[in-house]
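Chemist: Those sequence lines, one after another, are chains R and L.
As numbered in this note's numbering, residues 12 to 307 make up the first sequence, in order.
As numbered in this note's numbering, residues 7 to 83 make up the second sequence, in order.
Where is the CB? At the ideal position from N, CA and C, for every residue including glycine.
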Amino acid sequence: MLSRAARPALRAVATRPIAPNAATFATLREIEGRLKSIRNIEKITNTMKIVASTKLNRAQRAMQDSRVYGNTSNEVFKSAETKPLEGEGRKKLIVVCSSDKGLCGGVHSGLSRYIRRRALEDSNFDLVIIGEKCKAQLSRTNAQAIQLSFSGAGKDVPTFSDAQAIADQIVLLPGDYSDIEIVYNKFINATSYEPATVEAFSEEAIAASANFAAFEVDEELLGNLREYALANSLYWALCEGHACEISARRNAMDNASKNAGEMINKYQILFNRTRQAVITGELVEIITGATASEDM
Amino acid sequence: MPFAWKAAGITYNRYLTVAARAVRRSLKDDKRLVAERRGETDLRFTKWTNGKQGEPRSVVEANQAAMVEAAGGGQSA
């Protein structure tokens, strides 16, 4: 937003650095207007940064809780040694967890790029996309693979009922998938994140896992376990993605405010210099006029 | 089938949602208001067919409609 808005001004100033006297007044006013608009932009980015900072704490707490929750939920599959089925010709379902809002650096395009890379290697999968941003990006390249898209998920800290509603819709999909993979942004620290995946297994995969007999579960309950585990994993992915987005937005807005500050300084100096030049020019004119008329 | 809700065509997640809503509604007022905010979603979803986007629909409404349908089907069968 900032760079796009500010670029025409730079070009306008660069093309006529020293204008003749008549135009100097105009550029002075131009610079003043530009300064004002950059100040406003700085105010906006600064406010967004503050808002993101206050949200960040809550988002991070939710992320830590959900991480513990998700790991506990996956503990069952770890000790049962569940592996994704090696089904030939069966499609995978990939769930992409992004959100609706932009202005947060490369969070969304990182996910989209990951999916595109996957599509180059092996395009035998269908997509379920959460969030408008990734939907817009992936609908340009992988529109055929998209089965479902959700919006309205990333407004606040994600709730478990969000995850359940999404899981419900995914379970109701007609396709026959070997397993479900959830792609989200893994939070590494406040400045870095990377696309990561969680697996949600299908019923056959759970039933075929090595240590499954140790749990002594009825076959009938497997469907429930699978749906519940899918919701758990989705919740985990949504929370972690949300925390990444907020922290990335904080960083992006921090940088934008810093850049705006630099530009304000530059324009302030330019403004002062031009003003002085105009005054000097006027003085020279007056003095030459006065001396000329004195001589006569 | 050991579960009545399963026979009625309700998924486990939907069953949990209903149960959670009942628990939230039975809380005391001060706690209930906080808890009920956790149960709200304004998710919308869109079905895609052959690379074309369909009509966006609210997830909550669609789930309720599916539940009513499933319940009706369960009773008549």
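#1: Could you check whether the Cβ of residue 25 of chain L sits closer than 8 angstroms to any Cβ belonging to chain R?
#2: Which one of L:11, L:10, L:13 and L:20 has the shortest CA to CA distance from residue 171 of chain R?
#3: Roughly how many whole angstroms lie between the Cα atoms of residue 186 of chain R and residue 95 of chain R?
#4: Tell me which same chain residues have a C-beta within less than 7 angstroms of the C-beta of residue 64 of chain R, skipping the five on either side of it?
#5: Against chain R, which members of the region 48-61 of chain L pass a CB distance test of less than 9 angstroms?
#6: Closest Cβ-Cβ distance between residue 22 of chain L and chain R: below 8 angstroms?
#7: Of all the CB atoms in chain L, is at least one closer than 8 angstroms to the CB of residue 227 of chain R?
#8: Looking only at its own chain, which residues have a Cβ that is under 7 angstroms from the Cβ of residue 180 of chain R, when we skip the five neighbours before and after it?
#9: Measuring CA to CA, which of R:116, R:121, R:157 and R:151 is closest to residue 135 of chain R?
#10: As a quick exercise: from R:190, R:60 and R:203, pick the residue whose alpha carbon is nearest that of residue 104 of chain R.
#11: Counting pairs of beta carbons, one from the region 49-63 of chain R and one from the region 266-280 of chain R, are three or more of them closer than 8 angstroms?
#12: How is residue 292 of chain R classed by DSSP in three states: helix, strand or coil?
#13: Could you list the residues in the region 153-173 of chain R with a C-beta less than 7 angstroms from some C-beta on chain L, going in chain order?
#14: 8 angstroms is my cut-off, CB to CB: does residue 66 of chain L come that close to chain R?
#15: Determine, for residue 15 of chain L, whether the minimum Cβ-Cβ distance to residues of chain R falls below 8 angstroms.
#16: Excluding the five sequence neighbours on either side, which residues of its own chain have a C-beta within less than 8 angstroms of the C-beta of residue 217 of chain R, listed in chain order?
#17: Do we get a CB-CB distance below 8 angstroms when we pair residue 63 of chain L with the residues of chain R?
#18: Using a Cβ cut-off of 9 angstroms, pull out every chain R residue sitting near residue 44 of chain L, in sequence order please.
#19: At a cut of 8 angstroms, does the region 200-211 of chain R reach the region 30-43 of chain L through at least three beta carbon pairs?
#20: Kindly list the residues whose CB is nearer than 7 angstroms to the CB of residue 79 of chain L, restricted to its own chain and excluding five residues on each side of it in sequence; keep chain order.
#21: Let me see if you follow: with CB-CB separation under 8 angstroms, is residue 75 of chain R close to chain L or not?
#22: Answer with yes or no whether the minimum CB distance from residue 80 of chain L to chain R is below 8 angstroms.
#23: The beta strand (DSSP E) spanning residue 196 of chain R covers which residue range?
Modeler: Per the coordinate set shown:
#1: Against chain R, the CB of residue 25 of chain L has no partner CB under 8 angstroms away; the residue lies outside that interface.
#2: Comparing Cα-Cα distances from residue 171 of chain R to each of L:11, L:10, L:13 and L:20, the minimum goes to L:20.
#3: Their backbone Cα atoms lie some 17 angstroms apart in a straight line.
#4: Excluding sequence positions up to five before and after residue 64 of chain R, its CB lies within less than 7 angstroms of the CB of 261, all in the same chain and listed in chain order.
#5: Sequence-ordered contacts of the region 48-61 of chain L with chain R read 48, 49, 50, 51, 52, 53, 54, 55, 56, 57, 58 and 59 [C-beta pairs closer than 9 angstroms].
#6: By this cut-off, residue 22 of chain L is an interface position.
#7: Chain L contact via Cβ: absent.
#8: Contacts found: 159.
#9: Nearest neighbour of residue 135 of chain R by Cα position, chosen from R:116, R:121, R:157 and R:151, turns out to be R:157.
#10: When R:190, R:60 and R:203 are compared, the shortest CA-CA separation from residue 104 of chain R is found for R:190.
#11: Yes, the region 49-63 of chain R touches the region 266-280 of chain R.
#12: In the displayed model, residue 292 of chain R falls within a helix according to three-state DSSP.
#13: Those residues of the region 153-173 of chain R that come within reach of chain L (Cβ to Cβ, closer than 7 angstroms) are 154, 155, 157, 158, 159, 160, 161, 162, 163, 164, 170, 172 and 173.
#14: Taking Cβ atoms only, chain R reaches closer than 8 angstroms to residue 66 of chain L, which makes this a yes.
#15: No, no contact with chain R.
#16: The beta carbon of residue 217 of chain R sits closer than 8 angstroms to the beta carbons of 88, 91, 93, 223, 233, 236 and 237 from its chain, once the five residues preceding and following it are set aside; these are given in chain order.
#17: No, residue 63 of chain L lies away from the interface with chain R (no Cβ there is under 8 angstroms from its Cβ).
#18: 170, 171 and 172, listed in chain order.
#19: Short answer: they don't touch.
#20: Reliability of the predicted coordinates at residue 79 of chain L is poor, the pLDDT of 49 falling under 50, and the value obtained from them is presented with this limitation in mind. Closer than 7 angstroms at Cβ, skipping near neighbours: 15.
#21: At a cut-off of 8 angstroms between beta-carbon atoms, residue 75 of chain R makes no contact with chain L.
#22: Low confidence applies here, because residue 80 of chain L scores a pLDDT of 44, under 50, leaving its location unreliable; read the following figure in that light. False, the Cβ-Cβ gap to chain R never drops below 8 angstroms.
#23: Secondary structure note for residue 196 of chain R: its beta strand (DSSP E) is the uninterrupted segment 188-200.
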